[in-house]
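In this note's numbering, the protein residues as written are 426 to 527.
And the structure:
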């Protein structure tokens with residue numbers, strides 16, 4: 426009894442092979458990891474997994490995200506959603522108009 430693939434169900438419960446990028450494309454040269462490797466080498470050590478962290482310092486990940494970017498990126502879409510929700514609410518459930526107080 427297996428997970429269904431041998432019975433012809435073939436639902437693919439996440440057991441398929443994931444295509445990963447080639448690990449050799451990431452280089453630690455020119456990143457803070459290079460300094461870490463140098464300090465480790467002085468002690469006769471090295472970090473064999475440093476290359477797996479190099480992606481954090483390359484491409485679009487290399488630029489730090491500012492607080493202003495976080496607020497402006499989400500604020501415009503959030504405000505648009507708020508206006509749409511407010512319009513729907515006032516259209517479907519208009520405020521009751523009463524002549525007097527309370």
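A virtual CB, placed ideally from N, CA and C, is assigned to each residue, including glycine. Remember, it's a predicted structure, so these values are computed and weren't measured experimentally.
Please name the residue in the options whose C-alpha comes closest to that of residue i.
i, options, result
"residue 471", "453, 481, 484 and 480", "453"
Alpha helix (DSSP H) containing residue i: first to last residue?
i, result
"residue 481", "Segment: none, residue 481 is in no alpha helix (DSSP H) and carries neither H nor E."
"residue 369", "With the chain covering 426 to 527 only, the question about residue 369 has no answer from this structure."
"residue 457", "457 to 467"
Could you check how far apart the C-beta atoms of residue i and residue j are, in whole angstroms? I think they sit under 8 Å.
i, j, result
"residue 478", "residue 458", "6 Å"
"residue 480", "residue 451", "5 Å"
Please go through the same chain and pick out, in chain order, the residues whose beta-carbon is closer than 8 Å to the beta-carbon of residue i, but skip the five residues on each side of it.
i, result
"residue 475", "453, 458, 461 and 462"
"residue 448", "476 and 477"
By a C-beta neighbour count over all protein chains shown, 10 Å radius and 16 as the cutoff for buried, is residue i buried or exposed?
i, result
"residue 456", "buried"
Is residue i close to chain D? Criterion is C-beta to C-beta, closer than 7 Å.
i, result
"residue 465", "Although the question refers to chain D, the structure presented lacks it and comprises just one protein chain."
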